[in-house]
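Protein chains in written order, with the working numbering: chain A, 100 to 250; chain B, 710 to 860.
Glycine included, every Cβ here is placed at the ideal spot set by N, Cα and C.
Encoded as structure tokens, the structure appears first; notes follow it.
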Amino acid sequence: MLDDLDRRLLRRLQLDPAMAMADLSEISSSTLAVVSRRLKRLRSEGVVLGKEILIDWSKLGYSVEVSLRITLDKTQSRAFDDFLAAARGIPQVIEIQTFLGRVDVRLSVIAKDMADYQKVYRELIIALPHIADIQALMHIARIKSDEVLPV
Amino acid sequence: MSTYDEIDFALLGLLSKDAEKSAGALAQQLGMSQPAIWRRIRRLEENGVIKGHRLILDREKLGFGVTVFLGIKLSGKKGVQLEDFERAVSAIPEVQTVEHVLGMYDYRLRVVARNIADFERILRRRVMTLPGAGDVEANVLLSEERRPGPI
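See the structure below:
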């Protein structure tokens, strides 16, 4: 089980994953040895799985981001497997999520501009198998995006 | 906009797969010197292409068994300041992301909860009571994968 120190360390590290051990030990008023042991344990127990980089696609020229909410034709028994395998083959798809609810799958699709998006949509997305319905949400702004867990 | 060559994209691809890969290993894979790799990573960070790092945590091990995406439509938009809604919704600790979107909803939220009962509490006490919150749709996340993108 996690104690207060683990939680404090995780809260800090979520805000700044590159935070130096010395700063962590000062903030949590623990010794370096204790902090380093805790971090090692959080890793070995699989609580901390790793780190990832966050890419700002707009800086690479992809200024359009669309969320496609997709309902699949569930009379096809392989609908999910076929759809997901094909969606993984589209480079402009940067995120795939499956749901329990009104929507079955959501794809995050990026494109350079609206003309590029239209091309991706018409040539690649529409061709995905077993789609019953698609709704699009166009991203305007990210208000909060840190994805911090309230540990 | 700055230009990036295929080595930058290859570097981003490798870092998306493993953000903790050492500069030495990256240098070897890309056939470059270690200082050259450092320079490129620093440039990508300074230009905001790599906008940050995120700690990958095992949500289940931290007690967050449920992730739900909410689509929220604001009601009677005229009287409600978007900023008020955004400020209030961003202050809810269980709300991990807030996106302003265009389409059948105005906002898309990612919410974590300990379980379904906990989610219901967050929905009723915190989300439904937000200034201007109208129609709400909930979809429970079953799986998610982040893809490397067009690199």
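ask   = Can the beta-carbon of residue 209/A be found less than 8 Å from the beta-carbon of residue 193/A?
value = Taking the first residue of the first sequence as position 1, residue 209/A is located at position 110. Taking the first residue of the first sequence as position 1, residue 193/A is located at position 94. Yes, the Cβ-Cβ distance between residue 209/A and residue 193/A is below 8 Å.
request  = Could I get the ranges of all uninterrupted beta strand (DSSP E) runs contained in the segment 171–231 of chain A, with 3 residues as the minimum, in chain order?
outcome  = Under the rule that a run must span 3 or more residues, the beta strand (DSSP E) segments found entirely inside the segment 171–231 of chain A read 192–199 and 204–210.
query = For residue 841/B versus residue 799/B, is the C-beta distance shorter than 8 Å?
reply = Residue mapping note: residue 841/B aligns to position 132 of the second sequence, counting from 1. Residue mapping note: residue 799/B aligns to position 90 of the second sequence, counting from 1. It is not a contact, given that the beta carbons lie outside the stated cut-off.
ask   = Taking the beta strand (DSSP E) that residue 730/B falls in, what are its first and last residues?
value = The count along the second sequence starts at 1 and reaches residue 730/B at position 21. Counting along the chain, no beta strand (DSSP E) covers residue 730/B, and no H or E run does either.
task = Just grab the DSSP bridge partners of residue 234/A for me.
result = In the first sequence, the residue the question calls residue 234/A occupies position 135. Under the DSSP definition of a beta bridge, residue 234/A partners with 168/A.
Status (buried if at least 16 other CB within 10 Å, exposed otherwise) for residue 771/B = In the second sequence, counting from the first residue as 1, residue 771/B sits at position 62. Result: buried.
key: Residue from 166/A, 181/A, 122/A and 136/A whose Cα sits closest to the Cα of residue 237/A   = Here the question's residue 237/A lines up with position 138 in the first sequence. Closest in C-alpha terms to residue 237/A, from the list 166/A, 181/A, 122/A and 136/A, comes 166/A.
query = When the Cα of residue 851/B is compared with those of 778/B, 753/B and 793/B, which residue comes out closest?
reply = The residue you call residue 851/B lines up with position 142 of the second sequence. Among 778/B, 753/B and 793/B, the Cα nearest to that of residue 851/B is on 778/B.
query = How long is the line joining the alpha carbons of residue 153/A and residue 837/B, rounded to whole angstroms?
reply = Here residue 153/A corresponds to residue number 54 of the first sequence, with the count starting at 1. Here residue 837/B corresponds to residue number 128 of the second sequence, with the count starting at 1. Answer to the nearest angstrom: the Cα atoms are 31 Å apart.
message = Give me, in chain order, the residues of the same chain whose beta-carbon lies closer than 7 Å to that of residue 116/A; leave out the 5 immediate sequence neighbours on both sides.
response = The residue labelled residue 116/A in the question sits at position 17 within the first sequence. 150, listed in sequence order.
ask   = When DSSP labels each residue in this structure, what does residue 47/A get in the three-state scheme?
value = In the structure as shown, chain A begins at 100 and stops at 250. Residue 47/A is therefore absent and cannot be evaluated.
ask   = Would you report the Cα separation of residue 830/B and residue 809/B, rounded to the nearest angstrom?
value = The residue you call residue 830/B lines up with position 121 of the second sequence. The residue you call residue 809/B lines up with position 100 of the second sequence. Taking the straight line from one Cα to the other gives about 24 Å.
key: Distance between beta carbons of residue 833/B and residue 801/B, contact taken as under 8 Å   = What you label residue 801/B is simply residue 92 of the second sequence in a count that begins at 1. What you label residue 833/B is simply residue 124 of the second sequence in a count that begins at 1. Wrong, their Cβ atoms sit about 13 Å apart, outside the cutoff.
query = In chain order, what residues of the same chain have a beta carbon less than 8 Å from the beta carbon of residue 245/A, not counting five sequence neighbours either side?
reply = Indexing the first sequence from 1 puts residue 245/A at position 146. Same-chain partners within the cutoff: 113 and 114.
query = According to the neighbour-count rule (16 or more other Cβ atoms, all chains shown, within 10 Å of its Cβ), is residue 186/A buried or exposed?
reply = Translated into positions along the first sequence, residue 186/A becomes position 87. It counts as buried.
key: Contacting residues, own chain, Cβ-Cβ under 7 Å from residue 839/B (five flanking each side not counted)   = Counting from 1 along the second sequence, the entry for residue 839/B is found at position 130. Same-chain partners within the cutoff: 794, 797 and 798.
inquiry  = Less than 6 Å between C-beta atoms, sequence neighbours within five positions excluded: which residues of the same chain meet that for residue 818/B?
reply    = Translated into the one-based positions of the second sequence, residue 818/B becomes position 109. Cβ neighbours of residue 818/B within its own chain (closer than 6 Å, five residues either side excluded): 779, 804 and 807.
ask   = So residue 250/A packs on residue 106/A, CB below 8 Å; how close in whole Å?
value = For the purposes of this step, residue 250/A is taken as the residue at position 151 of the first sequence. For the purposes of this step, residue 106/A is taken as the residue at position 7 of the first sequence. That pair is a contact at about 5 Å.
request  = Pick out whichever of 160/A, 144/A and 203/A has its Cα sitting closest to the Cα of residue 847/B.
outcome  = Taking the second sequence and counting its residues from 1, the one referred to as residue 847/B is at position 138. Looking at the Cα atoms, 203/A is the closest of the given residues.
message = Need the endpoints of the beta strand (DSSP E) that residue 139/A sits in, please.
response = Indexing the first sequence from 1 puts residue 139/A at position 40. Element bounds for residue 139/A: not the beta strand (DSSP E) but the alpha helix (DSSP H), 131–143.
message = Alpha carbons only, please: which of 198/A, 211/A, 235/A and 247/A is nearest the one belonging to residue 853/B?
response = Position 144 of the second sequence holds residue 853/B. The shortest C-alpha separation from residue 853/B is found at 198/A.
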